[in-house]
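There are 2 protein chains.
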Amino acid sequence: MARPREFDRDAVLDRAMELFWARGFDATSMSDLVDHVGIGRQSLYDTFGDKHALYLAALDRYRLERGSTPWHLLDDQPLRPGLRALFTAVIDWLLADPDGKICMLVTAAAERCPRDAEVAARFCANATDVERRFVDRLTRARDAGELGRHHDVTALARYLASSLYGLQLTAKAQRDRASLASIVDVTLSILG
Amino acid sequence: MARPREFDRDAVLDRAMELFWARGFDATSMSDLVDHVGIGRQSLYDTFGDKHALYLAALDRYRLERGSTPWHLLDDQPLRPGLRALFTAVIDWLLADPDGKICMLVTAAAERCPRDAEVAARFCANATDVERRFVDRLTRARDAGELGRHHDVTALARYLASSLYGLQLTAKAQRDRASLASIVDVTLSILG
DNA sequence: GCAATTATTGACTGATCATTCAAGAAAGAC
DNA sequence: GTCTTTCTTGAATGATCAGTCAATAATTGC
Chain Y
19 MARPREFDRD AVLDRAMELF WARGFDATSM SDLVDHVGIG RQSLYDTFGD KHALYLAALD
79 RYRLERGSTP WHLLDDQPLR PGLRALFTAV IDWLLADPDG KICMLVTAAA ERCPRDAEVA
139 ARFCANATDV ERRFVDRLTR ARDAGELGRH HDVTALARYL ASSLYGLQLT AKAQRDRASL
199 ASIVDVTLSI LG
Chain D
19 MARPREFDRD AVLDRAMELF WARGFDATSM SDLVDHVGIG RQSLYDTFGD KHALYLAALD
79 RYRLERGSTP WHLLDDQPLR PGLRALFTAV IDWLLADPDG KICMLVTAAA ERCPRDAEVA
139 ARFCANATDV ERRFVDRLTR ARDAGELGRH HDVTALARYL ASSLYGLQLT AKAQRDRASL
199 ASIVDVTLSI LG
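Line by line, the protein sequences give chains Y and D. Numbers given in this note's numbering equal positions in the first sequence, counted from 1, plus 18. Numbers given in this note's numbering equal positions in the second sequence, counted from 1, plus 18.
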């Protein structure tokens with residue numbers, strides 16, 4: 019053993035994530051990051067590797083920590099109110115951010131997919147996760163008789179995931195609750 | 019009068035647009051652009067101003083030329099087949115691009131909104147255009163008895179526009195026709 | 001022809017980019 | 001204490017960035 023590091027790795031990663039999330043990969047410089055995260059340049063390189071590796075680490079941390087969609091809203095109540103609560107929570111989350119940020123994985127995908135295979139893999143993995151959440155919940159609902167047997171659960175799950183993307187892009191232009199809520203109204207009306 | 023320019027302004031703008039569209043604003047350097055568009059650096063600056071002005075000009079040209087959604091598909095036939103044809107054409111267009119590019123306005127918005135007010139204005143203007151197209155078509159359909167009176171035309175139009183965004187983001191990860199088509203199936207099933 | 005105007009060219013600016021080097025500081029092992 | 005290892009710090013690296021300058025070339029008006 020030797021001299022222990024003076025900073026907390028995850029805290030530094032959180033700070034780096036904030037900057038990458040707000041500005042994207044290209045618009046964020048290593049000097050910006052050094053200033054923002056509060057540790058020395060060399061420590062940053064020693065700990066995370068180069069800029070791209072740091073970006074991927076930040077993206078992974080986002081998925082783990084901040085991108086925590088409130089799935090309990092979906093799971094803790096009947097299907098329709100659950101979906102309504104989830105989509106409303108997403109609207110709240112979008113409108114609460116003063117900088118107009120949207121999900122970091124979406125901005126990362128828009129900026130770097132499919133050119134950047136490692137970002138693409140993370141975006142895909144996240145999409146698969148989200149889809150699986152919806153499939154699980156919809157399957158349960160169908161088994162419980164909350165949802166007609168004629169529905170294609172996989173297609174519905176993909177549709178809901180895609181709708182979440184659309185809602186976020188829309189929020190980039192339309193930052194009023196009524197517009198976004200009306201989109202969600204139509205989106206969920208599919209379930210009758 | 020004096021020496022006339024040797025290049026065609028719009029042709030140069032098209033070439034610049036190609037690069038900005040494929041890589042985004044930050045990842046495209048003026049040197050890249052000079053190499054790609056085939057005119058001298060100074061000519062580029064003289065003609066379009068700085069990099070950001072060139073980007074906005076390219077974005078405007080995209081809206082005018084390339085972003086030409088095939089609205090005739092929507093207008094030249096009954097509502098439901100028209101919507102189906104339009105969304106299918108979008109899927110075709112997305113899958114046809116070997117680079118996985120999506121609408122330049124979407125990537126521009128994801129990269130720069132709301133930080134860049136001028137990009138935001140263009141993204142909003144486009145959203146308004148698209149929405150108006152849908153509102154017009156849906157209103158005509160309602161007047162023609164193709165669509166029930168109970169439908170909120172404005173909400174439906176916003177929903178369709180948002181769906182187009184979602185479809186594009188989804189295509190960043192899911193590049194197979196069946197998945198995208200199944201999303202469109204669910205999306206349009208709203209109209210009965 | 002000549003003057004005036006504009007286009008093109010390529011070298012150039014200082015700033016900023018990601019990354020590394022080298023020296024010093026702090027801790028554990030003995 | 002000393003040795004070894006790792007961390008930290010700040011200056012440096014060469015590359016690339018957006019944008020400019022100055023000289024040359026080409027055209028119109030006379």
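Just so it is clear, CB atoms sit at the ideal spot from N, CA and C, and this is done for glycine as well. Keep in mind that this is a model prediction, so the values were computed, not measured.
Exposed unless 16 or more other CB atoms sit within 10 angstroms - verdict on Glu149 of chain D: Looking up residue 149 of chain D in the second sequence gives position 131. Classification for Glu149 of chain D: buried.
Backbone secondary structure at Lys119 of chain Y - three-state DSSP: Here residue 119 of chain Y corresponds to residue number 101 of the first sequence, with the count starting at 1. Coil, per DSSP.
Taking its Cβ as the centre, do 16 or more other Cβ atoms sit within 10 Å of Arg23 of chain D, making it buried, or is it exposed? Counting from 1 along the second sequence, the entry for residue 23 of chain D is found at position 5. Result: exposed.
Chain-ordered neighbours of Tyr183 of chain Y on chain D, where CB pairs are closer than 7 Å: The sequence position of residue 183 of chain Y within the first sequence is 165, counting from 1. Simply Tyr183, Gly184, Leu187 and Thr188.
Would a check of beta-carbon distances place Arg41 of chain D closer than 9 Å to chain Y? If you number the second sequence from 1, residue 41 of chain D lands on position 23. Taking Cβ atoms only, chain Y reaches closer than 9 Å to Arg41 of chain D, which makes this a yes.
Using DSSP with H/G/I as helix, E/B as strand and the rest coil, what is Thr87 of chain D? Mapped onto the second sequence, residue 87 of chain D falls at position 69. DSSP places Thr87 of chain D in coil when its eight states are reduced to three.
Closest by CA to Thr87 of chain Y, which one among Y:Glu164, Y:Ile57, Y:Lys69 and Y:Ala179? Locating residue 87 of chain Y in the first sequence gives position 69, counting from the first residue. The shortest Cα separation from Thr87 of chain Y among Y:Glu164, Y:Ile57, Y:Lys69 and Y:Ala179 belongs to Y:Ala179.
Count the other CB atoms within 10 Å of the CB of Met122 of chain D; is the residue buried (16 or more) or exposed (fewer)? Walking along the second sequence from the start, residue 122 of chain D turns up at place 104. It is buried - the Cβ of Met122 of chain D has at least 16 other Cβ atoms within 10 Å.
Given a limit of 7 Å on CB to CB distance, which residues of the region 107–135 of chain Y reach chain D? Gly118, Val124, Thr125, Ala127, Ala128, Glu129, Cys131 and Pro132
Should Arg160 of chain D and Gly166 of chain D be called a contact, given that it needs their Cβ atoms to be closer than 9 Å? Here the question's residue 160 of chain D lines up with position 142 in the second sequence. Here the question's residue 166 of chain D lines up with position 148 in the second sequence. Yes, Cβ-Cβ distance for Arg160 of chain D and Gly166 of chain D is below 9 Å.
Could you check what DSSP says for Thr172 of chain Y in three-state terms: helix, strand or coil? Reading the first sequence from its first residue, position 154 is the one you call residue 172 of chain Y. DSSP places Thr172 of chain Y in helix when its eight states are reduced to three.
With 9 Å set as the bound, which would you pick, yes or no: does the beta-carbon of Val204 of chain Y sit closer than that to a beta-carbon of chain D? On the first sequence, position 186 is the one that residue 204 of chain Y refers to. Yes, because at least one Cβ of chain D sits closer than 9 Å to the Cβ of Val204 of chain Y.
What separation, rounded to the nearest whole angstrom, lies between the Cα atoms of Asp203 of chain D and Leu37 of chain D? To locate residue 203 of chain D, count along the second sequence from 1; it is residue 185. To locate residue 37 of chain D, count along the second sequence from 1; it is residue 19. Each residue's Cα considered, the two are about 34 Å apart.
Check the Cβ of Asp53 of chain D against every Cβ in chain Y and list those closer than 9 Å, keeping chain order. By one-based count along the second sequence, residue 53 of chain D stands at place 35. Under the 9 Å cutoff, chain Y gives no residues; its nearest Cβ is about 18 Å from Asp53 of chain D.
Do the region 188–206 of chain Y and the region 46–61 of chain D make contact, defined as three or more Cβ pairs closer than 8 Å? no
When you compare the CB positions of Thr106 of chain Y and Arg176 of chain D, do they come within less than 9 Å of one another, or not? Reading the first sequence from its first residue, position 88 is the one you call residue 106 of chain Y. Reading the second sequence from its first residue, position 158 is the one you call residue 176 of chain D. Not in contact: Thr106 of chain Y and Arg176 of chain D (Cβ atoms no closer than 9 Å).
Asp194 of chain Y versus Ile120 of chain Y: straight-line alpha-carbon distance, rounded: Along the first sequence, one-based indexing puts residue 194 of chain Y at 176. Along the first sequence, one-based indexing puts residue 120 of chain Y at 102. If I take the Cα positions, the gap works out to 15 Å.
Taking the C-alpha atoms as reference points, what is the distance between Asp117 of chain Y and Gly163 of chain Y? Here residue 117 of chain Y is taken as the residue at index 99 of the first sequence, counted from 1. Here residue 163 of chain Y is taken as the residue at index 145 of the first sequence, counted from 1. Going from the Cα of Asp117 of chain Y to the Cα of Gly163 of chain Y covers about 42 Å.
If you run the structure through DSSP and keep just helix, strand and coil, what is Arg79 of chain D? The sequence position of residue 79 of chain D within the second sequence is 61, counting from 1. In the structure shown, Arg79 of chain D sits in a helix (DSSP, three-state: H, G or I).
9 Å Cβ cutoff met for Gly67 of chain Y and Phe25 of chain Y: Position 49 of the first sequence, counted from the start, is the residue given in the question as residue 67 of chain Y. Position 7 of the first sequence, counted from the start, is the residue given in the question as residue 25 of chain Y. No, they are not a contact pair.
In this structure, how does DSSP classify Ala135 of chain D when only helix, strand and coil are distinguished? As a working note, residue 135 of chain D is residue 117 in the second sequence. DSSP places Ala135 of chain D in helix when its eight states are reduced to three.
In chain D, which residues lie less than 7 Å from Leu174 of chain Y when you measure between Cβ atoms? Translated into the one-based positions of the first sequence, residue 174 of chain Y becomes position 156. Result: Val204.
By the three-class DSSP mapping on this structure, what secondary structure does Phe152 of chain Y have? The residue labelled residue 152 of chain Y in the question sits at position 134 within the first sequence. The answer is helix: DSSP assigns Phe152 of chain Y an H, G or I state.
Excluding the 5 residues flanking Arg79 of chain D on each side, which residues of the same chain have their C-beta closer than 8 Å to its C-beta? Translated into the one-based positions of the second sequence, residue 79 of chain D becomes position 61. Closer than 8 Å at the Cβ level, and outside the excluded window around Arg79 of chain D, lie Asp28, Leu31, Asp32 and Met35.
Gln192 of chain Y at chain D interface by Cβ criterion, 9 Å: The sequence position of residue 192 of chain Y within the first sequence is 174, counting from 1. For Gln192 of chain Y, the answer is yes, since a Cβ of chain D falls inside 9 Å of its Cβ.
Reference Asp134 of chain D; option with closest CA among D:Asp44, D:Arg21, D:Thr205 and D:Asp115: To locate residue 134 of chain D, count along the second sequence from 1; it is residue 116. Per the Cα distances, D:Asp44.
Cβ neighbours of Thr172 of chain Y in the same chain (closer than 7 Å, five flanking residues each side left out): Residue numbering aside, residue 172 of chain Y sits at position 154 when the first sequence is read from its first letter. Here the set comprises Val153.
Nearest-angstrom Cα separation, counted from Val52 of chain Y out to Arg59 of chain Y: Position 41 of the first sequence holds residue 59 of chain Y. Position 34 of the first sequence holds residue 52 of chain Y. Near 6 Å, if we compare the C-alpha coordinates of Val52 of chain Y and Arg59 of chain Y.
Leu82 of chain Y: which of Y:Phe141, Y:Pro132, Y:Leu206 and Y:His54 sits nearest, CA to CA? In the first sequence, residue 82 of chain Y corresponds to position 64, counting from 1. Nearest C-alpha to Leu82 of chain Y: Y:Phe141.
Going by C-alpha distance, which of Y:Gln186, Y:Gly210, Y:Lys190 and Y:Arg151 is nearest His169 of chain Y? One-based indexing of the first sequence puts residue 169 of chain Y at position 151. Comparing Cα-Cα distances from His169 of chain Y to each of Y:Gln186, Y:Gly210, Y:Lys190 and Y:Arg151, the minimum goes to Y:Gly210.
Please look up how many angstroms separate the CB atoms of Val137 of chain Y and Ala145 of chain Y, rounded, as I've assumed it's under 8 Å. Indexing the first sequence from 1 puts residue 137 of chain Y at position 119. Indexing the first sequence from 1 puts residue 145 of chain Y at position 127. Contact flag wrong, Cβ pair sits at about 13 Å.
DSSP three-state call for Ala179 of chain Y: helix, strand or coil? Here residue 179 of chain Y corresponds to residue number 161 of the first sequence, with the count starting at 1. In the structure shown, Ala179 of chain Y sits in a helix (DSSP, three-state: H, G or I).
Selected residue, minimal CA-CA separation from Thr205 of chain D, among D:Gly184, D:Arg21 and D:Pro96: For the purposes of this step, residue 205 of chain D is taken as the residue at position 187 of the second sequence. Thr205 of chain D has its Cα closest to that of D:Gly184, out of D:Gly184, D:Arg21 and D:Pro96.
Between the alpha carbons of Leu215 of chain Y and Arg130 of chain Y, how many angstroms are there, rounded? There is simply no residue 215 of chain Y to check, as chain Y begins at 19 and stops at 210 in what is shown.
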